[in-house]
Amino acid sequence: MSTKVLIIGACGQIGTELTTALRNTYGFSNVIASDIRKSESDVFNQGTFELLDARDKDAIKACVEKHKITDVYLMAALLSATAEKNPDFAWDLNMNSLFHVLNLAKEKVIQKVFWPSSIAVFGENSPKKNTPQHTIMEPSTVYGISKLSGERWCEYYHKNYGVDVRSIRYPGIISWKANPGGGTTDYAVEIFHEAVQKGSYTCFLRDDTSLPMMFMDDAVRATINIMKAEPESVKVRSSYNIAAISFTPAELATAIQQIIPEFAIAYEPDSRQKIADTWPESIDDSTATADWNWSHEFDMKTIVSEMISNLQRVLV
Ligand code: AKB
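When you line the sequence shown up against the working numbering, it's residues 15 to 330, in that order.
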């Protein structure tokens, strides 16, 4: 059977670029983008788009049947900072959407599921540096708890019902095409916008807060590659650690100053600092490398120059 993709939550930061990459991989007519609202991005005027609430199983099923979908990428979620403000809604969205899609796969209505997890599954008792694939996981945020629970359910559905579900733990994702929303790592995108537009930025994390980060192109490639991997090489059915680089806001500011020397940064940590303090500084992704040949391509220097040159082109 040929691959026909539905992306749920396509208008978010990752979904927007994943939609383009999946269309390039499987063909325009084989990729359906959906979200609760259509964003202004041109990406969604170029192919089929459906309005879809990720919490509505009947609507997802109807959409899947209408378009003869084989693979679902479930990108809808409330991220770490927003989820703290609205725990009930975050739990409802993050968990029930996953159950709906896993159950459609269990019922053999769809063949394959991609569901993103996050470095937020780790907590203050996990090793901070080079956090291993398997370790203590005691998340203290609503988002982290929902992602760790989701991971356990993914593995359960795979082991008990044979569901082909695949997942990676995204670090903070840096991109210039669509904005992130509601995350703790969002500063690493905002900083570029303000550096280019205003020449200064007030960071909501402390200067020495080191977090794992990745350029969007690497994140999208990891997502497509794990979905294309042979089923037997995807040995971890909870979620894989993947990694690229780690830096602090101060290190990022210094790298930006190499290109924009007058750029100034100030620090006013807010409630997101408490979340960042419980997350890893760096991630060991050797299991993903061994199982499905994962490795990142973009380093700090390339990311900074890509971000600044593209934002100077589209914003100024
Ligand atoms: C967030 O900051 O909440 C997300 C994530 C790391 O999952 N970007």
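By construction, the Cβ of each residue, glycine as well, lies at the ideal position given by its N, Cα and C atoms.
| Asked | Found |
| --- | --- |
| Which residues does DSSP list as the beta-bridge partners of residue 69? | DSSP, once it has assigned bridges, lists no residue as partnering residue 69. |
| Would you list the residues sitting across from residue 324 in a DSSP beta bridge? | Paired residues: none, contrary to the question. |
| Taking 6 Å as the cut-off, does the CB of residue 266 come closer than this to any heavy atom belonging to ligand 1? | no |
| Kindly list the residues whose CB is nearer than 8 Å to the CB of residue 82, restricted to its own chain and excluding five residues on each side of it in sequence; keep chain order. | 18 |
| Mind checking whether the beta-carbon of residue 94 lies closer than 6 Å to any heavy atom of ligand 1? | yes |
| Report whether the distance from the Cβ of residue 199 to the nearest heavy atom of ligand 1 is below 6 Å. | yes |
| Taking just the CA atoms, how far does residue 280 sit from residue 202? | 14 Å |
| Can you tell which of 138, 245, 297 has the C-alpha that lies nearest to the C-alpha of residue 261? | 297 |
| Hey, out of 92, 47, 226, 74, whose CA is closest to residue 188's CA? | 226 |
| According to DSSP, simplified to helix, strand and coil, what is residue 64? | strand |
| For the region 268-278 against the region 167-181, do three or more pairs of beta-carbon atoms, one drawn from each stretch, fall closer than 8 Å, so that the two count as touching? | no |
| Taking 8 Å as the threshold, find out whether the region 157-166 comes into contact with the region 85-98 through three or more Cβ pairs. | yes |
| Among the residues of its own chain, which have a CB less than 8 Å from the CB of residue 320, if the five just before and after it don't count? | 190, 229, 312 |
| Could you tell me whether the region 138-151 touches the region 284-298, using the rule of 3 or more Cβ pairs below 8 Å? | yes |
| Per DSSP, what kind of secondary structure is residue 95 in: helix, strand or coil? | helix |
| For residue 205, I'd like the list of residues in its chain whose CB is within less than 8 Å of its CB, leaving aside the five on either flank, ordered along the chain. | 215, 217, 263, 266, 267, 270, 279 |
| May I ask you to report which of helix, strand or coil DSSP gives residue 220? | coil |
| Any chance the CB of residue 297 is under 6 Å from a heavy atom of ligand 1? | no |
| So, under 8 Å CB-CB, residue 74 and residue 115 are touching, yes? Tell me the CB distance rounded to an integer number of Å. | 7 Å |
| Would you mind sorting residue 304 into buried or exposed? The rule is 16 or more other CB atoms within 10 Å of its CB. | exposed |
| Please report the straight-line C-alpha distance between residue 23 and residue 43, rounded to a whole angstrom. | 18 Å |
| Is it the case that the CB of residue 134 approaches a heavy atom of ligand 1 more closely than 6 Å? | yes |
| If you measure from the beta carbon of residue 24 to each beta carbon in chain B, is any gap under 7 Å? | Absent from the structure is chain B; it holds one protein chain and no more. |
| Using the C-alpha atoms, what's the distance from residue 275 back to residue 27? | 28 Å |
| Using only CA atoms, which one of 37, 109, 254, 207 lies nearest to residue 329? | 207 |
| Report all residues from its chain with a CB closer than 6 Å to the CB of residue 310; omit the five preceding and five following residues, and keep chain order. | 232, 258 |
| Does the contact criterion of 3 or more C-beta pairs under 8 Å hold for the region 122-129 versus the region 83-90? | yes |
| Does the beta carbon of residue 158 fall short of 6 Å from some heavy atom of ligand 1? | no |
| Starting from residue 126, follow the beta strand (DSSP E) in both directions and report where the run begins and ends. | 126-128 |
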